[in-house]
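To start, the structure under review is shown below, and the notes come after it.
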Amino acid sequence: MYWGGLVKSTKHVTETAILLVLYMVLFTIVYFIPFLGIFFVWVLPLPFIMNAVRNGRNATIYMFVIALVLSLLFSLPAVLITLMFASVGVIVGEVYRRKGAAFHILLAGTLTFIVNFLLLYVLVVVFLGIDPITELVSGMKDTIKQMQQLSPEQFAGNEKLLAAFFKQLDLLTYIVPSMLLISAFIFALITQLIANLFLKRFNFEIQAWKPFHEWSLPKSLLFYYLIVLFLVLIGLEEGSTLYVIVMNLQLLLEIAMILQGFTVIFAFSKIKGWSLAIPIVIVVGSFLLTIPLQFVKLLGIIDLGIDLRSRMKS
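Note that our numbering has the sequence shown beginning at 26, numbered continuously upward.
Right, here's the structure in full:
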């Protein structure tokens, strides 16, 4: 009994050490080779996910702490990179280990990335005295103004268009919360897709997603969306707290309506027996063109309002 436990413990330590070395190799590539780092950064959480699944929570926490210490040998920003991606690996890996549903894994990853993004944002603002979004908007405005001064004839007669564009740039400073949430969701989704791919190769049982054509958002979202649209139409004082809240809700709810619309398209394709390539082409085309995307959003609104998919089946 004792010997078996010792062998098992040694196995856990060995695997944890190997996965830690793997993480440091991946981290070194990301840190020193930016071109390759664009691709390798997405697999940084993977060693921690693998360790959590194979060796448990405690071993993965030890691995996380040691990785933070080793990152100090590079620089302080290196510690922040490890903190961001390794913490996601620890938490998401624990949900995998507990056989969590696909949605719960995505939610855990999204929430962890949100916390990390907020922490990074606050650190940059407090210690560097720089607001990244404000600096980005100011830089884009300055670039356009310089181009306008160098080639005034090219901008002649487009003053209203430029003013509208500058207003859209100013909007970016108000929708930072939404952008952080959307970015966290995308990061978490990519992390989950990569983890699923590798875990399946090691014969780990993955909880499958519900088919996309069966997805449906809560119908109450339509009610909230209509309230937000009403507030936008009546006009709010720019920069006020309510204005910031409404602008963020509008962006997130419009994305939700578009997502619901895409599920309707996939459901219709399923009913008609079309090839999967057809709705995929429609999705890609919708993002390339503005008008189809508005139609997709309308489909989502109608589906939440009158359960369009049930009517299509009948």
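Glycine is no exception: its CB is placed at the ideal position from the N, C-alpha and C atoms.
Taking 9 Å as the threshold (C-beta atoms), are MET272 and PHE161 in contact?
Phe is not the amino acid found at residue 161; the sequence shown has Leu there. No, Cβ-Cβ distance for LEU161 and MET272 is not below 9 Å.
Cβ atoms of SER294 and LEU284: under 9 Å apart, would you say?
no
If ILE219 sits next to VAL78, beta carbons under 8 Å apart, how far is it from one beta carbon to the other, in whole angstroms?
Incorrect: roughly 14 Å between the Cβ atoms, too far for contact.
My guess is that ASN76 and MET109 are in contact by the Cβ rule of under 8 Å, so how many angstroms apart are they, rounded?
In fact, because the Cβ distance is near 17 Å, the residues do not count as touching under 8 Å.
Okay, do the segment 200-215 and the segment 53-65 touch, 3+ Cβ pairs below 8 Å being the bar?
no
Give the straight-line distance between the Cα atoms of THR85 and TRP240, rounded to the nearest whole angstrom.
34 Å
Considering only their Cβ atoms, is the gap separating GLY114 from GLN217 smaller than 9 Å?
no
Helix, strand or coil at ARG82 according to DSSP, with G and I counted as helix:
helix
Take MET165 as the anchor and find which of THR198, LEU144, LEU277 has the nearest alpha-carbon.
THR198
Please confirm if the segment 227-236 is in contact with the segment 122-131, defined as three or more CB-CB distances below 8 Å between the two stretches.
yes
Assuming the contact rule is C-beta atoms closer than 8 Å, GLY260 and GLY286 should be a hit. Round their C-beta distance to whole Å, please.
Not a contact, Cβ separation roughly 27 Å.
Closest by CA to GLU40, which one among PHE73, ALA103, ILE327?
PHE73
In chain order, what residues of the same chain have a beta carbon less than 6 Å from the beta carbon of ILE327, not counting five sequence neighbours either side?
LEU333
Name the residue from LEU222, VAL151, TYR250, LEU131 whose alpha carbon lies nearest to the alpha carbon of ILE280.
TYR250
In whole angstroms, what is the alpha-carbon distance linking ASN80 and ALA111?
16 Å
Cβ atoms of ALA292 and HIS238: under 9 Å apart, would you say?
yes
C-beta atoms of ALA92 and PHE65 nearer than 9 Å:
no
Three-state secondary structure (DSSP) at TYR56?
helix
Enumerate in chain order the residues of its own chain whose CB-to-CB distance from LEU97 is below 8 Å, with the five nearest sequence positions on each side excluded.
ALA103, VAL104
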